[in-house]
Amino acid sequence: MVSRVKLSFVPGLEVEFVDRVRGIEQVLEWSEKSTWHPIVVFGPEGCGKTAWLKQATEILKETNFDVVYINPMYKEFTAGTDINEVVSKLSEVVADATGYAPIKLADLAAYLVIQLLKRWKKKRIAFLVDDVFQAIGLDKAEMYTKMLLNIIEYPPEQYEKIVIIAATSEGFSRWRIGRHRWAWIMPMWNMPKKSFEELYEKIPGPKPSFEEVWRLTGGNPEVLKTLYINKWNIEQVTNVIIRSKRIHREFTSKWRSWLERAVEDPDALWWGENVPEELVNELIERNLIIYDLYPRDPVFWIDEPPPEKDPELGIGKYVAWQTPLHREAVKKALEEYR
Ligand SMILES: Nc1ncnc2c1ncn2[C@@H]1O[C@H](COP(=O)(O)OP(=O)(O)O)[C@@H](O)[C@H]1O
Ligand SMILES: [Mg+2]
C-alpha cells in the first residue's frame, strides 16, 4: 500500500490511517479510469469519510495527480501540486477572517482546478471536496454538483485522468442531488470489523473488550473516540448524544410509540403503516438514522457495505441507526422522560 496519512485521533494521539482495503482499491481504480460523474459520498457522521478522503489525497498525489482537497466548513485545504499560485490563493481566502465564507473557498477551489487544466496544462487532476453541502447550504448543493459535472464533461483542455469526489453527512443532499443525473451517489458505512479492530488496538490504556466496543459503536470511529475521551463511561456518552441531538421530552412524548418501535427494529419506520414523514425527516436531519439504505451489493458502496440486517447493531434492511449508541440514546430518553 501507498504511504498512510497521519490523522489526529485526539489531541496528543496521532493514528495512521487504518486500511479500508476496498475503499482504497476503489480510489486506485478511479485513478486509472477517471470518475465519469462526480462521486457524492454520504454516510453516518463520524464513519470515516474525511479520513478516507485524506488518504485518497495521498494516493492520488503518489499516482501523479495534481490534487486539491478542501473542507470549506473547517477552512481546511491541501494542495498537492507544484503550482504555488494554487496554494497561495487558497491560503489567502482561508486567512481572510473577516470576509471568509465557505462558498468562497468552494468556488475558488473549483476555479483553480479548472485553471490547473487550462493555464497550467495539468493532465491528471483530482478534486476532493469534504463536508461541502453543509458548508455551502443545501440550496446551492445542486448547482455546485452540476458545476463539478461540467468540469468532467466540458473541460477547458483535454485531461488524461480526472477524479472528483464530494463527501457529506448531510442527510438530505442525496435526494436533492439524486433528482438529477449529475452525480454518482455512493453510501459509505461505518468501518468493517477487521479495520475497526485494528484501530481499537491502537488506542492506549485499559479499555473494554473489543467485542463490547464493537457492540456499542458498530464500527464508528467517532463514537470510539468519544468513548475514549470520556474514559469509556457509556452513560456519559449516551447523555452527550441525547443533548447534542436534542432528544428532549417534547420530542419523545410526541413520537413515543413510533420511537419505541424503531428502537426495537428501525425498519418499523419503513414498513409501518402511516409512518409519519415528519418524524423520519427529523431523525434524518439530526443524523440519528440513515433512511432508504442501498442494496448491499458492494458495487453501490464505498468500502464494505453493512450487513443485510443486524438487529444487535440497529441495522435494518432499509433503515439503520447511525450507531448502536445513537439508538441507545433514544432508548434512554424514552425511559427518562416517561
Ligand atoms: N481509517 C481510519 N484510520 C484511522 N482513523 C480513522 C479512520 N477513519 C476515521 N478515523 C478517525 O475517526 C474519527 C472520525 O472520522 P472522520 O473521518 O472525521 O469521519 P466523518 O468525516 O465521516 O465524519 C477521526 O478522528 C478520524 O481521524
Ligand atoms: Mg468529515
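If you read the sequence shown in the numbering used here, its first letter stands for residue 488, the second for the next number, and so on. Don't be surprised by glycine CBs; every beta carbon is placed ideally from N, CA and C.
Identify the continuous alpha helix (DSSP H) that holds residue i and give its terminal residues.
| i | result |
| --- | --- |
| Ser521 | Segment: none, Ser521 is in no alpha helix (DSSP H) and carries neither H nor E. |
| Trp758 | Ala755 to Trp758 |
| Leu547 | Lys536 to Glu549 |
| Met630 | Leu625 to Glu640 |
| Tyr781 | Unbroken run through Tyr781: none, as it is neither H nor E. |
| Val489 | Where Val489 is concerned, there is no enclosing alpha helix (DSSP H), given that its DSSP letter is neither H nor E. |
| Ile734 | Where Ile734 is concerned, there is no enclosing alpha helix (DSSP H), given that its DSSP letter is neither H nor E. |
| Pro691 | Run containing Pro691: none; DSSP gives neither H nor E here. |
| Tyr715 | Pro708 to Ile716 |
Just mark residue i as buried or exposed, buried being the case when its beta carbon has 16 or more other beta carbons within 10 Å.
| i | result |
| --- | --- |
| Leu603 | buried |
| Leu735 | Here residue 735 is His; the residue named in the question, Leu, does not match the sequence. By the neighbour-count rule (16 or more Cβ atoms within 10 Å), His735 is not buried but exposed. |
| Thr585 | exposed |
| Glu657 | buried |
| Trp701 | buried |
| Ser660 | buried |
| Val786 | exposed |
| Arg825 | exposed |
| Ser682 | buried |
| Ser731 | exposed |
| Trp517 | buried |
| Tyr715 | buried |
| His813 | buried |
Could you give the DSSP three-state label for residue i: helix, strand or coil?
| i | result |
| --- | --- |
| Lys608 | coil |
| Tyr587 | coil |
| Phe659 | coil |
| Pro794 | coil |
| Ala670 | coil |
| Thr810 | coil |
| Asn774 | coil |
| Ser696 | coil |
| Leu703 | helix |
| Lys818 | helix |
| Glu644 | coil |
Out of the options, point me to the one whose CA is closest to residue i's CA.
| i | options | result |
| --- | --- | --- |
| Trp676 | Ile716, Glu795, Gly624 and Asp790 | Asp790 |
| Leu625 | Lys608, Gly665 and Val650 | Gly665 |
| Asp618 | Arg773, Tyr556 and Asp784 | Tyr556 |
| Phe564 | Phe552, Asn551, Glu644 and Glu579 | Glu579 |
| Tyr778 | Gly530, Trp523, Leu500 and Phe504 | Gly530 |
| Ala654 | Ala670, Lys718 and Pro643 | Ala670 |
| Arg606 | Pro589, Gln645 and Lys627 | Gln645 |
| Trp462 | Tyr805, Asp569, Arg748 and Pro811 | Not covered by the structure: residue 462. The range shown for the chain is 488 to 825. |
| Phe738 | Glu699, Glu769 and Asn720 | Glu769 |
Please confirm whether any heavy atom of ligand 4 lies closer than 6 Å to the CB of residue i.
| i | result |
| --- | --- |
| Pro708 | Ligand 4 is not part of the structure shown, which contains ligand 1 and ligand 2 as its ligands. |
Which residues does DSSP pair with residue i in a beta bridge?
| i | result |
| --- | --- |
| Trp745 | Answer by DSSP bridge pairing: none, since Trp745 is not bridged. |
| Asn571 | None; Asn571 has no bridge partner. |
| Ala613 | Val554 and Val650 |
| Ile789 | Met675 |
| Pro500 | Note on identity: in this sequence residue 500 is Leu, with Pro being the wrong assignment. Val497, per the DSSP bridge assignment. |
| Ile802 | Asp797 and Ala807 |
| Val528 | Ala654 and Met673 |
| Leu823 | Checking the sequence shown, residue 823 turns out to be Glu, not Leu. For Glu823, which the question treats as bridged, DSSP gives no partner whatsoever. |
Starting from residue i, trace the beta strand (DSSP E) in both directions and tell me its first and last residue.
| i | result |
| --- | --- |
| Glu684 | Counting along the chain, Glu684 falls outside any beta strand (DSSP E), though it belongs to the alpha helix (DSSP H) covering Lys680 to Glu688. |
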